[in-house]
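Peer 1: Just passing along the structure, written as structure tokens.
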Amino acid sequence: MKNNKKPADWMQYSSLGFQIVVTILIFLWLGAKLEVYFRINSPYGQLLGTFLGIFASLYNVIRTVK
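Quick note on the numbering used here: the sequence shown kicks off at 6 and runs consecutively.
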């Protein structure tokens, strides 16, 4: 008698929130590094990194849900 249970649907989505936060924080950090590298005084690098992180997170959510 084999027990080939697939994980519950909620289990495959349980780490999605953590992935969203980590992705946005990594892109925010990269944006801050861009500001230092290009000597930008305004927070444009951080804003760019945050928005790219949000879009990457949304893409990951959509890809996971499908």
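Backbone N, C-alpha and C fix where the C-beta goes; we use that ideal spot for every residue, glycine too. It should be emphasised that the depicted structure is a prediction, and the values quoted were computed from it without experimental measurement.
Please report the Cβ distance between Gly58 and Ala37, rounded to the nearest whole angstrom; I am assuming they are in contact, meaning their Cβ atoms lie under 8 Å.
Peer 2: Within the sequence shown, residue 58 is the residue found at index 53, counting from 1. Within the sequence shown, residue 37 is the residue found at index 32, counting from 1. With a Cβ gap of about 12 Å, Gly58 and Ala37 do not count as contacting.
Peer 1: Could you check what DSSP says for Asn65 in three-state terms: helix, strand or coil?
Peer 2: In the sequence shown, the residue the question calls residue 65 occupies position 60. In the structure shown, Asn65 sits in a helix (DSSP, three-state: H, G or I).
Peer 1: Can you grab the Cα-Cα spacing for the pair Val66 / Val41, in whole Å?
Peer 2: Here the question's residue 66 lines up with position 61 in the sequence shown. Here the question's residue 41 lines up with position 36 in the sequence shown. Going by the C-alpha atoms only, they are around 31 Å apart.
Peer 1: So for Ile31, helix, strand or coil by DSSP?
Peer 2: Position 26 of the sequence shown, counting from 1, holds the residue named residue 31. DSSP places Ile31 in helix when its eight states are reduced to three.
Peer 1: Per DSSP, what kind of secondary structure is Ala37 in: helix, strand or coil?
Peer 2: In the sequence shown, residue 37 corresponds to position 32, counting from 1. Helix, per DSSP.
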